[in-house]
Amino acid sequence: MSGYKTFAIAGAGNIGAFIVEEYLKLKEGGILTSVIVLTRAASASSSSFAAKGAKIVTVDYDSPSSLEAALSGVDVVISTLGSNALGAQVPLVEAAKKAGVQLFVPSEFGVNTPGHTEGILGRKAAFYKMLEQLDLPYALYQVGFFSDTTFIPFFGWDLAKGAVTIYGEGNTPISWTSSRDIARFVAHSTTALPREKVEWRTFRIEADRKSLNEVVSEYQEKSGKKLSVTRVPRKDLQDGLEKNPQDLAKLIQLIWEQGGGVIGRPDELSNSEWPEWNQVGVIDTMLSTRA
Numbered sequence: 001m002s003g004y005k006t007f008a009i010a011g012a013g014n015i016g017a018f019i020v021e022e023y024l025k026l027k028e029g030g031i032l033t034s035v036i037v038l039t040r041a042a043s044a045s046s047s048s049f050a051a052k053g054a055k056i057v058t059v060d061y062d063s064p065s066s067l068e069a070a071l072s073g074v075d076v077v078i079s080t081l082g083s084n085a086l087g088a089q090v091p092l093v094e095a096a097k098k099a100g101v102q103l104f105v106p107s108e109f110g111v112n113t114p115g116h117t118e119g120i121l122g123r124k125a126a127f128y129k130m131l132e133q134l135d136l137p138y139a140l141y142q143v144g145f146f147s148d149t150t151f152i153p154f155f156g157w158d159l160a161k162g163a164v165t166i167y168g169e170g171n172t173p174i175s176w177t178s179s180r181d182i183a184r185f186v187a188h189s190t191t192a193l194p195r196e197k198v199e200w201r202t203f204r205i206e207a208d209r210k211s212l213n214e215v216v217s218e219y220q221e222k223s224g225k226k227l228s229v230t231r232v233p234r235k236d237l238q239d240g241l242e243k244n245p246q247d248l249a250k251l252i253q254l255i256w257e258q259g260g261g262v263i264g265r266p267d268e269l270s271n272s273e274w275p276e277w278n279q280v281g282v283i284d285t286m287l288s289t290r291a
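Structure follows, in structure tokens:
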């Protein structure tokens with residue numbers, strides 16, 4: 001076991017909420033002693049976490065002393081700050097180092113960031129470099145794409161209407177993992193594995209690996225629901241990004257089409273670190289969360 005006993009989660013919305021819930025389960029089971037939720041302001045979700053045993057701490061990311069005080073005695077900090085709040089991760093990292101935090105999990109939870117220098121992936125890559133410079137051990141989690149939140153109109157999937165838009169050929173494989181399975185793996189690995197298998201480690205996990213065309217075909221087969229697929233040339237996607245490089249939906253769709261949606265070769269995956277993970281495949285996740 002890692003020996004880590006106190007955990008602080010920054011950004012407890014979306015994937016962060018699932019991670020908080022999994023650590024609270026471990027706290028209830030006596031595996032760890034404290035789960036702290038760092039928040040800018042009180043909310044209904046933080047009140048719910050408090051009722052389940054979490055300690056809610058309001059912090060000011062512009063105040064180093066506020067962050068250092070909040071992290072006093074904390075073993076592990078897990079950042080799930082969203083893309084619009086990634087800047088707050090810099091003072092969080094600095095405060096974690098000063099407070100004596102032993103492990104920092106930066107807000108990755110996507111595709112591989114090493115080697116990237118621009119955009120959101122470049123910003124994420126800069127954070128683990130910062131951790132290396134500070135000599136603050138990290139654990140990175142590359143999980144592919146969230147199978148429970150990706151298949152929505154924003155990304156061209158309107159399952160309620162049976163309509164799908166695919167840019168390009170749609171044949172490149174993509175790594176898929178649900179928020180719940182990600183949270184379960186993060187909580188398990190940071191508590192059950194020995195420290196030497198966690199610190200300075202990049203975990204590559206996926207519940208499933210399928211192309212968009214495979215997802216369409218298997219979803220139709222399992223759900224019995226016909227999907228109308230509109231195909232858009234890859235050039236239209238590239239032209240759209242040239243006009244608006246900040247278009248997140250098109251950026252992700254281009255990553256998929258260019259083959260950047262997988263987190264590594266099958267032999268590079270970390271799934272074997274937890275044989276009992278029992279992750280849920282992409283189609284079953286879609287069926288359990290569909291409108």
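Residue numbers for the sequence shown follow the UniProt record's numbering, so the first one is 1 and each next one is one higher.
Glycine is no exception: its CB is placed at the ideal position from the N, C-alpha and C atoms.
When DSSP states are grouped into helix, strand and coil, residue 55 belongs to the strand group. Taking all protein chains shown into account, residue 190 has 16 or more neighbouring C-beta atoms within 10 Å of its C-beta and is therefore buried. In the pairwise beta carbon analysis, the region 126-143 is classified as touching the region 197-216: at least three pairs are separated by under 8 Å. Relative to the Cα of residue 279, the nearest Cα in the group 75, 147, 197 and 63 belongs to 147. The DSSP-derived three-state label of residue 172 is coil. Residue 154 and residue 252 have their C-alpha atoms some 11 Å from each other. If one requires a minimum length of 4 residues, the alpha helix (DSSP H) runs lying completely within the region 4-87 are 15-28, 44-51 and 64-70, in chain order. The beta carbon of residue 188 sits closer than 7 Å to those of 274, all from its chain and outside the five residues before and after it, given in chain order. The alpha-carbon of residue 38 is positioned some 23 Å away from that of residue 129. In this structure residue 64 is in contact with residue 91, their Cβ atoms being roughly 6 Å apart against a cut-off of 8 Å. Residue 229 and residue 210 have their C-alpha atoms roughly 17 Å apart. By a beta-carbon distance limit of 8 Å, residue 12 contacts residue 49. Their separation comes to about 7 Å. Taken atom to atom, the span from the alpha-carbon of residue 265 to that of residue 208 is near 13 Å. Spatial neighbours of residue 59 in its own chain (CB-CB distance under 6 Å, excluding positions within 5 residues in sequence) are listed in chain order as 38, 66, 67 and 70.
Assigned with DSSP and collapsed to three states, residue 277 falls in coil, not helix or strand. Residues of the same chain with a CB within less than 6 Å of the CB of residue 22, apart from the 5 flanking positions on each side, are 183, 184 and 187 in chain order. Residue 239 and residue 166 have their alpha carbons spaced roughly 15 Å apart. Counting only residues of its own chain and dropping the five nearest sequence neighbours on each side, residue 35 has a CB closer than 6 Å to the CB of 7, 23, 24, 27 and 54.
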